[in-house]
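To keep things clear, I will list the structure first and then write my remarks on it.
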Amino acid sequence: MKQLIVAAFILLSLNLQAQKFEGLAPTPPMGWNSWNTFATDINEQLVKDIADKFVELGLKDAGYEYIVLDDGWMAKERDANGNLVADPEKFPGGMKALAAYVHSKGLKFGLYNCAGSETCAGYPGSRGYEYQDARLYASWDIDFLKYDWCNTEKLNGEGAYITMRDALAKAGRPVVFSICEWGDNEPWNWAQEVGHMWRISGDISNCWDCEDNHGTWSSWGVWKIINMHENIRSATGPDHWNDFDMMEVGNGMTAAEDRSHFAMWSLLASPLIMGNDLRSATEETIKTLTNKEVIGVNQDSLGIQGFRVANDGNIEIWAKPLANGSWAMTFVNMNEKPAELSFDWSEHTITDAETGKRLNTKEKTYQVKDLFNHKKLKNTKNKLKATIGVHDVLMVRLD
-19 MKQLIVAAFI
-9 LLSLNLQAQK
1 FEGLAPTPPM
11 GWNSWNTFAT
21 DINEQLVKDI
31 ADKFVELGLK
41 DAGYEYIVLD
51 DGWMAKERDA
61 NGNLVADPEK
71 FPGGMKALAA
81 YVHSKGLKFG
91 LYNCAGSETC
101 AGYPGSRGYE
111 YQDARLYASW
121 DIDFLKYDWC
131 NTEKLNGEGA
141 YITMRDALAK
151 AGRPVVFSIC
161 EWGDNEPWNW
171 AQEVGHMWRI
181 SGDISNCWDC
191 EDNHGTWSSW
201 GVWKIINMHE
211 NIRSATGPDH
221 WNDFDMMEVG
231 NGMTAAEDRS
241 HFAMWSLLAS
251 PLIMGNDLRS
261 ATEETIKTLT
271 NKEVIGVNQD
281 SLGIQGFRVA
291 NDGNIEIWAK
301 PLANGSWAMT
311 FVNMNEKPAE
321 LSFDWSEHTI
331 TDAETGKRLN
341 TKEKTYQVKD
351 LFNHKKLKNT
361 KNKLKATIGV
371 HDVLMVRLD
């Protein structure tokens, strides 16, 4: 009998260990990642500069928390003991000291690796080293791991990510686990118990609605990604998020397109991970990225992903239920010329088929606020009228 009890206790202990760290992402994670702008051209001074800019530009106050180094931070070879080594030229002070600098600013620090034998840029991957790498990250005080999917021949996606999840749990330091397998293995069907966020597509590109074909793979514009998987809303929620990829705000689209991009990522409850060079960001870019009212939609406690209501004359209309019976809506002009909006609230009862929540302006009058211009509009007893610029957005909150 004692043997059975001991065996059951051991099994229970193993099951408890084999879980992701709960409660690290009750709302979509917010931060910055190096890849979109810098690729592998990264170094420790860049990280320190970005951390400083988080504070100086008000990004920390707006809710951004994680600074994540993407591919290219490590040396090309592991050391004699099989450990990953930070590139000594790029990071002469080492990762533990760099993490300490980021932490000194009240922020958190993240790194990248890959489930395969090599990363996408050809650096050492974690295949066969998962537990060793997880222990190393813990010793460096890492808070976030982005885990990619290159060079993974014959690996099972779900199994590979479970292995790293378990390795992180065994290492003992709470880490946000970001699954980056591009949606190939449909992570929205299994990743809720494995990671805190998972990519739904290949890499984003800094364009409105394009495909950049790289031969064996493509990167995608903002609206290509938005339209890629419309049937996965139920997978997202507190501590488990559909990730529409790092943002391209400030990376070459128009200011209007940046606003629409930011509004949609917020409405879709995607993690808000910046991908621009904050050291040279324009005032307009920072104004968009630090809009606390739009961020509030993203960080809403219900954690519901928004949904398309209509495409009315090439004005896309999307809605998102919020806590306390409030709603957020975006009206995005998809045209190549300004569009006139005249939206009669009394003619539209909006129902979220996933949650059953209803926006019924016949039963309740809502106060309407323009979240980018920070001004109150007429309530829902009146038509919503606006001129929306090319690829621009009217984003409103109804309370």
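Read in my numbering, the sequence shown has 317 at position 337, and its numbers run on one by one without any break. No residue lacks a Cβ here, since even glycine has one placed at the ideal position from N, Cα and C.
Determine the extent of the beta strand (DSSP E) in which residue i is found, giving its start and end residues.
{"i": "Trp15", "result": "Taken as a continuous stretch (DSSP letters only), Trp15 belongs to no beta strand (DSSP E), being part of the alpha helix (DSSP H) at Trp15 to Phe18."}
{"i": "Arg338", "result": "Arg338 to Asn340"}
{"i": "Phe242", "result": "Not the beta strand (DSSP E): Phe242 falls in the alpha helix (DSSP H), residues Ala235 to Leu247."}
{"i": "Thr99", "result": "First-last for Thr99: undefined, no H or E at that position."}
{"i": "Tyr117", "result": "Counting along the chain, Tyr117 falls outside any beta strand (DSSP E), though it belongs to the alpha helix (DSSP H) covering Glu110 to Ser119."}
{"i": "Asp192", "result": "Glu191 to Asn193"}
{"i": "Trp203", "result": "Note, Trp203: premise wrong, no beta strand (DSSP E); alpha helix (DSSP H) at Val202 to Ile206."}
{"i": "Val348", "result": "Val348 to Asp350"}
{"i": "Leu357", "result": "Lys355 to Leu357"}
{"i": "Thr132", "result": "Counting along the chain, Thr132 falls outside any beta strand (DSSP E), and DSSP gives it neither H nor E."}
{"i": "Thr335", "result": "It is not in any beta strand (DSSP E) - Thr335 carries neither H nor E in the DSSP assignment."}
Under 8 angstroms by Cβ, that's how I've got residue i and residue j pegged, so tell me the actual separation to the nearest angstrom.
{"i": "Thr241", "j": "Met254", "result": "As written in the sequence, residue 241 is His, which differs from the Thr given in the question. At roughly 11 angstroms, the Cβ-Cβ gap does not stay under 8 angstroms, so His241 and Met254 are not in contact."}
{"i": "Met177", "j": "Pro9", "result": "6 angstroms"}
{"i": "Gly230", "j": "Ala261", "result": "5 angstroms"}
{"i": "Lys85", "j": "Phe34", "result": "7 angstroms"}
{"i": "Asp51", "j": "Ala101", "result": "4 angstroms"}
{"i": "Val82", "j": "Val27", "result": "7 angstroms"}
{"i": "Met233", "j": "Asn186", "result": "6 angstroms"}
{"i": "Gly286", "j": "Leu247", "result": "4 angstroms"}
{"i": "Trp200", "j": "Glu210", "result": "Not confirmed; about 15 angstroms, so no contact."}
{"i": "Leu258", "j": "Leu37", "result": "6 angstroms"}
{"i": "Trp298", "j": "Pro251", "result": "Wrong, their Cβ atoms sit about 18 angstroms apart, outside the cutoff."}
{"i": "Gly105", "j": "Asn131", "result": "6 angstroms"}
{"i": "Lys40", "j": "Leu87", "result": "7 angstroms"}
{"i": "Gly283", "j": "Thr331", "result": "Their Cβ separation, rounded to whole angstroms, is 19 angstroms, which puts Gly283 and Thr331 out of contact at 8 angstroms."}
Per DSSP, which residues does residue i bridge with? Please list them.
{"i": "Thr143", "result": "Its beta-bridge partners do not exist; DSSP assigns none."}
{"i": "His220", "result": "Gly217"}
{"i": "Ala66", "result": "Met54"}
{"i": "Asn313", "result": "Ile295"}
{"i": "Ile253", "result": "Gly11"}
{"i": "Leu374", "result": "Phe311"}
{"i": "Gly90", "result": "Val48 and Phe124"}
{"i": "Trp178", "result": "Ile159 and Asn222"}
{"i": "Trp287", "result": "It is Phe, not Trp, that sits at residue 287 in the sequence shown. Ala299, per the DSSP bridge assignment."}
{"i": "Leu364", "result": "Phe323"}
{"i": "Thr40", "result": "The residue you asked about is not Thr; residue 40 is Lys in the sequence shown. DSSP, once it has assigned bridges, lists no residue as partnering Lys40."}
{"i": "Pro104", "result": "Glu98"}
Between which residues of its own chain and residue i is the CB-CB distance below 7 angstroms, once the five residues before and five after are set aside?
{"i": "Val370", "result": "Ala236, Asn313, Asn315, Glu316, Lys317 and Pro318"}
{"i": "Trp162", "result": "Trp129, Arg179, Ser181 and Gly182"}
{"i": "Leu321", "result": "Ile295, Phe311, Leu364, Lys365, Ala366, Ile368 and Leu374"}
{"i": "Tyr109", "result": "Gly62"}
{"i": "Ile22", "result": "Ser14, Leu49, Gly52, Trp53 and Lys70"}
{"i": "Thr268", "result": "Val229, Asp238, Arg239 and Phe242"}
{"i": "Ser(-7)", "result": "Any reading at Ser(-7) must be qualified, since the residue scores a pLDDT of 43, below 50, and its modelled position is unreliable; the value itself is stated next. Around Ser(-7): no qualifying Cβ."}
{"i": "Trp188", "result": "Gly201, Val202, Trp203, Met233, Glu237 and His371"}
{"i": "Pro154", "result": "Phe1 and Leu4"}
{"i": "Lys337", "result": "Pro301"}
Output yes or no for whether 9 angstroms exceeds the beta carbon distance between residue i and residue j.
{"i": "Lys300", "j": "Val274", "result": "no"}
{"i": "Asn256", "j": "Thr20", "result": "no"}
{"i": "Leu351", "j": "Met375", "result": "yes"}
{"i": "Ile206", "j": "Met244", "result": "yes"}
{"i": "Ala55", "j": "Ala66", "result": "yes"}
{"i": "Ser306", "j": "Pro218", "result": "no"}
{"i": "Gly137", "j": "Asn165", "result": "yes"}
{"i": "Asn63", "j": "Leu116", "result": "yes"}
{"i": "Lys126", "j": "Leu91", "result": "yes"}
{"i": "Lys0", "j": "Val202", "result": "no"}
{"i": "Trp12", "j": "Ile30", "result": "yes"}
{"i": "Glu57", "j": "Arg213", "result": "no"}
{"i": "Thr265", "j": "Ala42", "result": "no"}
{"i": "Tyr46", "j": "Phe89", "result": "yes"}
{"i": "Arg377", "j": "Ala308", "result": "yes"}
Given residue i, which residues of its chain have a CB within under 6 angstroms of its CB, disregarding the five upstream and five downstream residues?
{"i": "Ala140", "result": "Ala95"}
{"i": "Arg107", "result": "Gly96 and Ser97"}
{"i": "Ala171", "result": "Ile159 and Trp178"}
{"i": "Met75", "result": "Ala66 and Trp120"}
{"i": "Lys361", "result": "Thr345"}
{"i": "Asp324", "result": "Lys363"}
For residue i, which residues in the same chain have their Cβ closer than 8 angstroms to its Cβ, ignoring the five residues on either side in sequence?
{"i": "Ala73", "result": "One point to set straight first is that residue 73 is Gly, not Ala, in the sequence displayed. Once the five neighbours on either side are set aside, the close Cβ partners of Gly73 are Glu24."}
{"i": "Ser198", "result": "Gly182, Glu191 and Asp192"}
{"i": "Lys342", "result": "Ser326 and Thr329"}
Between which two residues does the alpha helix (DSSP H) holding residue i run?
{"i": "Asn278", "result": "Lys272 to Asn278"}
{"i": "Glu343", "result": "Element bounds for Glu343: n/a, residue is neither H nor E."}
{"i": "Asp324", "result": "Neither: Asp324 is in no alpha helix (DSSP H) and is coded neither H nor E."}
{"i": "Val82", "result": "Met75 to Ser84"}
{"i": "Thr265", "result": "Glu263 to Leu269"}
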